[in-house]
Each structure stands twice: as C-alpha cells, then as structure tokens.
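Here the protein sequences come in this chain order: A and B. Using numbering that gives the first Met the number 0, the final residue of the first sequence is 378, and nothing's skipped along the way. Using numbering that gives the first Met the number 0, the final residue of the second sequence is 378, and nothing's skipped along the way. Each residue gets a CB set at the ideal place from its N, CA and C atoms; glycine is no exception. A short write-up of the structure that comes next.
There are 2 protein chains.
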Amino acid sequence: MIPDTAEIGFDIPARPGDALSDVMTPALVIDLDAFDRNIARMRAFVTGHGLRLRAHAKTHKSADIARIQMQRGGACGICCQKVSEAEALVRAGITDVLVSNEIHGPRRAARLAALAGRARVQVCVDDAGQVATLSHAAEAAGTRIGVLVEIDVGAGRCGLPPGPAAVELARRIDEAPGLSFNGLQAYQGALQHIRDPQARAEAAHAAARATALTRTALTEAGFACETIGGAGTGSFTLDAGLGEINELQCGSYVFMDADYDRVTGADGSRPGGMENALFVMAEVMSRPGPDRAICDAGLKALSVDSGLPRIDRDGLRYTGASDEHGTISDPRGLLTPGDRVMLVPGHCDPTCNLYDWYVGLRGGVVETLWPVTARGKLY
Amino acid sequence: MIPDTAEIGFDIPARPGDALSDVMTPALVIDLDAFDRNIARMRAFVTGHGLRLRAHAKTHKSADIARIQMQRGGACGICCQKVSEAEALVRAGITDVLVSNEIHGPRRAARLAALAGRARVQVCVDDAGQVATLSHAAEAAGTRIGVLVEIDVGAGRCGLPPGPAAVELARRIDEAPGLSFNGLQAYQGALQHIRDPQARAEAAHAAARATALTRTALTEAGFACETIGGAGTGSFTLDAGLGEINELQCGSYVFMDADYDRVTGADGSRPGGMENALFVMAEVMSRPGPDRAICDAGLKALSVDSGLPRIDRDGLRYTGASDEHGTISDPRGLLTPGDRVMLVPGHCDPTCNLYDWYVGLRGGVVETLWPVTARGKLY
C-alpha cells in the first residue's frame with residue numbers, strides 16, 4: 000500500500016491497471032505499442048546495416064528504457080550528456096556509457112573516473128587540458144576511461160576542426176596513463192532538424208567528408224578508430240549509407256516529437272519510419288469562451304523551444320502556453336472541462352526532463368510506471 | 000557529513016561557505032543582497048499603498064522564500080497554481096495559500112479540501128460544476144474552502160466575462176456547504192509583458208474597468224468582495240493606483256528576468272525599481288573557435304520560451320541553446336574553459352522549475368542552499 004500522496008509528497012500519476020481516465024494530468028504518457036515498434040525498427044536497421052547502436056539516453060533519462068534498448072533494442076550501450084546523468088543510470092544498472100560531450104574540471108573528471116570502476120565509461124574531448132585532467136583522475140582512481148576526439152563536422156558547437164588537429168590530440172590520449180584513444184565523435188547536431196531533404200543530405204555528405212579527412216589523417220599517423228560515433232534521429236538513414244559512422248547515437252527515435260515530424264524524406268516519410276510514441280496528456284480545466292478551451296499543461300509541462308505541441312484531432316489546435324495553462328483553439332466546441340487531450344510535444348528531450356514519471360500505456364490501460372531516473376541531472 | 004554524491008545521487012551544488020568558484024554548474028544562483036532589496040521594496044510598496052500582498056510562489060516554488068515573503072516581505076499569504084504545489088508548501092509550513100487557478104475533478108478537490116484542514120486555503124472557479132465538486136469535497140472532509148470567482152479582464156485565458164455573470168456564481172458559492180465566497184480573481188496575465196508603457200497602462204485601465212463593473216454588480220446583489228486579487232510584476236505599480244485590486248499577486252519581483260527587463264516605464268525604469276537577483280551560473284566547457292565559447296547551460300538549464308538569456312558583460316552574448324550546450328558569441332576571446340558566466344534567464348518561473356536547489360550567494364560566498372520545494376508539482 001503506497002501512503003497517501005498528500006501526506007508525504009510521493010505523487011505518482013497512476014498505478015498499473017488504471018484506466019487512462021484515472022491518470023493524473025498533466026502526465027507524460029508513452030504509447031508502449033508504438034514505442035516497441037520504434038525499438039524494433041531501430042534494431043532491424045542497425046542489424047541490417049552492420050552498425051552498432053549506442054542509444055542516446057539524454058532523450059528519456061530512464062534506466063528502464065536504456066535497459067530495453069540494450070536488451071532487445073540492439074544497443075551496445077548508451078550515451079549521456081552529463082557525468083551526473085551517467086552516474087544515475089549506472090546506479091540503476093546500466094553497464095556501458097559514453098558521455099558524448101566535453102566535461103570540464105577535476106571534480107567532474109574524478110566522478111567520471113570513479114564511475115569507470117563500475118561500468119565501461121567513455122567521454123569526448125576537444126582540447127589537451129581535458130586530456131590531462133582526465134588522465135590524472137583515472138590514474139588516481141585506478142580506472143581506465145575510453146576517449147573519443149570530438150570534431151566539428153558542421154554543427155558549429157564543440158569539437159576540433161576536421162583534419163590533422165585530431166592527430167595531435169589522439170597522440171596525447173594514447174600516451175596518457177589511464178586513458179585509451181577509442182576514436183572519433185562526429186555528431187552533427189544542427190543537421191538533425193534541417194527541413195529540406197536535399198539540404199539535409201548535403202549536410203550529411205559534408206559531415207562524412209570531414210570525418211573521412213580526419214580518419215585518414217589518424218590512420219596515416221597510426222591511430223585506428225575503433226569507434227566513429229555520430230548520427231541522430233534526423234540523419235541516421237543518411238549517415239548509414241555514407242560509410243563513416245559505425246556507432247549510431249540516435250535518441251529521439253524511441254519517442255519522436257512534433258519537430259521531428261517536420262524532418263521528413265522527399266516522400267514525406269518520417270526518419271526510419273519511426274512513429275510518435277510520446278504524449279503529454281492534459282485535461283481541460285476551463286471552457287471560458289465559444290472558441291477556446293484551457294488545459295492544464297503549459298510551460299512547466301511542455302518545452303516549447305521547438306514550437307508548440309500538436310494535437311492529432313480535427314478541429315483542435317494548441318495556440319498558446321503560459322506557465323501552467325495551455326490555450327486550445329476549439330471553434331467547434333468539442334471540449335468541456337474534464338476532457339483529456341493528447342498533446343505531441345514540440346521537443347521530446349527537454350519535455351521529459353520536466354517529469355518524475357513516465358506512464359506506459361497499452362490498450363488504454365496503464366501497464367507500467369517508469370521513473371525519469373536522471374531528471375534534472377545537470378552536472 | 001553528507002555521503003558521497005556519486006554513491007547515493009544526492010547531488011547538492013554547493014555547501015554554505017563555499018566560494019562561487021566551488022559551485023557545481025549549471026547552478027541556479029540568487030544574489031541575496033538584490034533579493035533582500037526586492038523583498039523590502041515590495042513590502043514598502045504595499046504598506047505605503049495600504050494593499051495586501053499575496054506573493055505568487057509559482058515563480059520560486061520554495062518554502063524558504065515563501066516564509067521570508069510572509070515574515071519580512073509584507074505578504075499575508077501566498078498563491079500557487081496547482082494543488083500539489085500548495086500541498087508541498089503547506090507540508091513545509093506555509094499557512095495561507097490561494098490556488099489562483101481553476102482545478103478540475105473530484106480528486107483534486109478532495110486533496111484541496113484535505114489541505115484546508117491544515118492551512119487557510121482558497122481557490123478560483125469560473126463555472127458551476129467546479130463549485131459543486133468543491134463543495135462536496137469540503138463537506139466530506141469537514142473543512143472550509145474560500146472561493147474567488149475568476150473573471151477575464153483581458154488576458155483571454157480562464158474566467159467568466161466581466162459583469163453580472165459573476166453574480167450567479169457568487170450566489171452558488173454562497174449557498175454551497177463548505178465554501179465561502181471571498182471575492183474576485185482579476186489577474187490580467189497578458190498585460191504583464193506588454194512592452195509599450197502607454198499600451199500597458201491602457202490595458203491596466205481596461206482591466207480595472209472590467210473589475211469595477213463586476214464588483215458593482217456583486218455589491219448590488221448583496222455580495223461584498225473581501226478580496227479582489229490580481230496584478231503581477233509588470234503591472235502592480237499601475238494597478239495600485241486604479242483602486243480595484245486590494246491583494247497583489249506578484250511573483251517575479253523577487254528575482255526578475257531578462258523578459259521583465261524589457262517591461263520598463265516611459266523613463267526606462269524597471270517595475271517598482273526591482274533589480275535582477277537570479278542567475279544561472281554556467282561554465283565554459285569548450286573553446287572551439289575564435290568567435291565562440293560553449294557553456295554547459297542549454298535547454299535543460301534555462302527555459303527559452305521568452306527568449307535567450309542575457310549576459311551582463313561587454314563582448315559576450317548567448318546566441319543559441321541546444322539540450323545541454325549554450326553557444327556564447329565571444330569575438331574578443333574573453334573566455335577559456337573553466338570560466339564562469341552569469342546568465343540572466345529569459346523567464347524565471349519555468350527556469351527555476353528545472354532545478355532542485357537554489358544557491359544563495361552573498362559577497363561571493365555561498366550563504367545558503369534552499370530546495371525548490373515544489374519543483375515538478377504539476378497536479
């Protein structure tokens with residue numbers, strides 16, 4: 000028996016076996032059938048292309064989902080963006096993590112080195128200072144950290160310029176106690192959301208050329224790249240055909256979102272045939288006028304950085320968000336207070352980070368609750 | 000002795016006495032001197048104008064800050080937007096809460112009625128169904144809930160149209176067991192962010208006229224309004240002079256944000272002379288090019304719904320956010336990895352909701368840590 004929520008503040012949105020209408024709103028809901036199909040699609044894709052998958056857990060921050068990705072989703076491990084996120088997932092049993100990001104300073108390095116005593120741990124670097132700090136931490140902890148050199152293949156974010164600069168850094172890693180040079184991080188984040196299929200393909204080709212240039216320079220200097228990591232949900236079908244990336248880092252594919260629905264192929268298809276599996280279920284709390292209904296999901300229930308959520312129901316449109324209200328245009332008067340509305344978030348990653356729980360739904364019934372294991376893990 | 004964070008996942012960003020440079024980033028930092036001055040300014044304002052302050056806790060979600068507002072900030076109580084938010088703050092000792100929002104359904108009503116046994120509790124309604132549900136819950140719990148009728152004074156969100164419609168609802172509340180009719184909720188949310196001082200003043204006058212029309216209809220029907228609640232940080236100096244609202248509901252004034260800095264008077268002054276007291280402290284993690292530095296605060300550390308954060312330092316500009324990265328334009332090369340940058344968030348409320356802890360800073364030293372008591376309380 001779980002104690003009364005109001006007494007202790009342990010506020011679960013539902014219990015297994017509950018009907019959809021019993022779930023407290025706003026709730027972060029997974030359509031488990033669609034989710035399972037996405038998991039299977041990606042497994043078939045990487046198997047068919049002879050690639051590895053290192054699924055990105057920054058999307059879901061869930062140890063349960065990471066475990067599914069590794070057990071039946073074809074993933075060899077997961078990616079995180081932060082050391083504290085990796086810690087949370089390793090504490091929950093995940094055994095192989097790449098922090099696909101630069102980390103700064105001795106304290107983060109020490110935490111990562113400690114984690115490397117409990118799981119296979121890798122991280123990215125783009126300058127020599129990071130190599131020295133990581134090496135010192137790994138030596139002190141008596142562990143070994145795998146390192147990828149990040150190159151900027153077009154996103155204009157972190158990373159060395161493509162080409163020979165990576166060789167010098169690989170050499171430093173190779174010579175540094177406690178570190179192993181494992182290859183390249185060649186993720187092009189900006190490419191994932193390019194709308195035009197032609198422009199997206201060109202950006203993918205440019206990234207592959209930049210990667211090849213760097214790989215060649217490394218090979219000539221005697222450094223083999225066991226791993227060349229990259230690709231996201233918007234680009235993996237392109238990247239797979241270009242022969243450079245051998246470890247896909249897709250994250251959003253498990254859920255998809257309203258923004259990824261705008262990243263379609265020339266035939267209008269979604270990347271890899273993935274389908275939307277994530278919703279914020281909101282409830283109508285007020286019906287103040289003939290044209291609009293007000294629901295209980297606003298800026299604290301949905302991230303609007305990539306646009307407002309979509310409602311897949313004729314006649315309804317989510318038109319505005321304030322902190323705790325969502326305005327729904329409803330000129331036909333379809334909604335009355337208490338009605339539920341399934342919103343497709345504009346951007347899945349930062350939306351999931353707002354919640355403590357996923358509500359897994361199958362056939363209209365709550366099948367499972369999964370905690371958002373690494374919610375708010377920012378360090 | 001607090002156990003090792005990596006072992007148990009209790010991940011505090013700092014300890015009292017730490018230097019600013021010891022705080023883990025990204026961190027939600029309060030400049031306590033500026034915060035104290037804002038608290039004192041608002042107290043002086045409401046005292047000088049003979050008004051009550053019911054400070055809005057949706058901004059900070061912190062029981063510590065709510066307590067300061069009630070003990071030395073001139074507040075008679077606080078506002079929340081959600082029942083679960085009110086529960087969290089009452090659990091932490093807050094004694095007087097208005098849920099300044101409609102709530103739907105018997106479960107939320109039952110939770111609110113239970114809470115009314117532990118604190119003074121009020122809520123807003125805009126339809127008869129809510130009145131019946133609340134009354135039933137209060138009767139069942141043997142408690143009493145104060146009720147305000149919400150009217151739409153120009154925001155186009157929740158609320159009855161101004162005028163006689165409120166009289167019928169007031170009568171229902173007055174006759175309903177377990178409920179007390181306490182007055183009107185007349186908050187104009189959209190008005191808070193109107194940039195042009197003239198247009199903002201006109202909107203405030205329109206809201207006051209709509210409130211007066213409704214108040215008069217209620218008075219003529221024999222219903223006195225003990226409370227007419229409304230006003231926010233962008234409008235309270237205007238509303239105070241218009242004589243309708245007697246209980247100010249400002250929230251953002253304690254912190255301010257980059258968006259409120261654009262809501263100035265004709266002379267360029269900020270509302271009520273409030274100053275910025277909230278920052279996200281980020282750290283530079285990569286310096287990949289001559290023009291840019293990359294910091295560790297992106298979409299999961301900052302809400303960008305009202306624009307990107309501001310940096311109050313010449314030569315630096317935050318130009319783009321992805322999930323866990325912020326791009327800073329730095330053509331003069333001021334920043335190297337490890338440097339700290341103080342970002343002024345675009346919108347304080349949803350930014351605070353991303354964190355577990357506030358770091359209170361005075362004279363460059365951590366003075367206190369406050370939990371974000373009601374973070375993620377969405378029901």
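Cβ-Cβ distances below 7 Å link PRO25 (chain A) to VAL279, MET280, ALA281, ASP295, ALA296, ALA300 in the same chain, with the five nearest sequence neighbours on each side left out; the list follows chain order. GLY141 (chain A) is outside the set of residues whose beta carbon lies under 8 Å from a beta carbon in chain B. Between ILE144 (chain A) and ALA112 (chain A) the beta-carbon gap is near 6 Å, inside 8 Å, which marks them as a contact. For PRO105 (chain A), the enclosing alpha helix (DSSP H) stretches over residues 105-114. Listed by position along chain B, the residues whose Cβ is nearer than 9 Å to that of PRO176 (chain A) form an empty set, because the closest Cβ is around 22 Å away.
Annotation for HIS204 (chain B): the continuous alpha helix (DSSP H) segment containing it runs 196-219.
Within chain B, the residues placing a beta-carbon under 8 Å from that of CYS157 (chain A) are MET284, SER285, PRO287, ILE293, HIS324, ordered along the chain. Its chain contains GLY153, ALA154, ARG199, ALA202, ALA203, ALA206, GLY231, GLY233, SER234 as the residues whose beta carbon lies nearer than 8 Å to that of LEU190 (chain B), once the 5 sequence neighbours on both sides are disregarded; these appear in chain order.
Within the region 0-51 of chain A, the complete beta strand (DSSP E) runs of at least 3 residues fall at 26-30.
Going by C-alpha positions, LYS60 (chain A) is about 18 Å away from SER302 (chain B). In the three-state DSSP reduction, ASP348 (chain B) falls in the helix class (H, G or I).
Its Cα nearest to that of ASP95 (chain B), the residue B:GLN70 stands out among B:VAL343, B:ALA108, B:GLN70.
Below 8 Å, too few C-beta pairs join the region 206-222 of chain A and the region 252-262 of chain A to call them touching: fewer than three. Listed as beta-bridge partners of VAL364 (chain A) by DSSP are A:ALA18, A:ARG361.
Within the region 92-121 of chain B, the residues whose Cβ lies closer than 8 Å to some Cβ of chain A are ASN100, GLU101, ILE102, HIS103, GLY104, ARG106, ARG110, ALA113, LEU114, listed in chain order. The contact set of VAL303 (chain A) on chain B, defined by CB atoms closer than 8 Å, consists of ASP304 in chain order.
In this structure the region 51-65 of chain B does not touch the region 261-275 of chain B; the number of beta carbon pairs closer than 8 Å is below three. Among the CB atoms of chain B, none fall inside 8 Å of the CB of TYR317 (chain A). Residue pairing for ALA320 (chain A): DSSP places it in a beta bridge opposite A:GLY325.
With distances taken between CA atoms, GLY47 (chain A) lies nearest to A:GLY271 out of A:GLN197, A:LEU217, A:GLY271, A:VAL89.
DSSP, read as helix, strand or coil, puts GLN248 (chain B) in coil. For ALA300 (chain A), the closest Cβ of chain B is nearer than 8 Å. Taking C-beta atoms under 8 Å as the contact rule, ALA74 (chain A) and ARG53 (chain A) qualify, at a distance of about 6 Å.
Among the residues of the region 67-83 of chain A, those with a Cβ less than 7 Å away from any Cβ of chain B are GLN80, LYS81, SER83, in the order of the chain. The shortest C-alpha to C-alpha distance from MET23 (chain B) to any of B:GLY363, B:PRO330, B:ASP10 is the one to B:ASP10.
A check of alpha carbon separations from ARG36 (chain A) across A:LEU307, A:ASN275, A:SER179 identifies A:ASN275 as the nearest.
One alpha carbon belongs to ILE172 (chain B), the other to LEU178 (chain B), and they sit about 6 Å apart.
Only residues of its own chain outside the window of five on either side were considered, and among them ALA13, ARG14, PRO15, GLY16, ASP17, ALA18, LEU19, ASP21, VAL22, VAL358, GLY359 have a CB closer than 8 Å to the CB of VAL365 (chain B), listed in chain order. Nearest CB-CB separation between GLY231 (chain B) and chain A: not below the 8 Å threshold. Annotated as distal: CYS249 (chain B) and LEU183 (chain B), with beta-carbon spacing of 8 Å or more. For ALA257 (chain A), the secondary structure class from DSSP, reduced to helix, strand or coil, is coil.
Membership of GLY128 (chain A) in the alpha helix (DSSP H) is indicated by the continuous run 127-140. Taking all protein chains in view, the Cβ of ARG194 (chain B) is surrounded by fewer than 16 other Cβ atoms within 10 Å, so the residue is classified as exposed.
Using beta-carbon distances, PRO336 (chain B) counts as an interface residue toward chain A, with a partner under 8 Å. For the set A:GLU138, A:GLY162, A:GLY141, A:ARG269, the Cα lying nearest the Cα of VAL148 (chain A) is the one of A:GLY162. The three-state reading of DSSP puts MET69 (chain A) in helix, counting H, G and I together.
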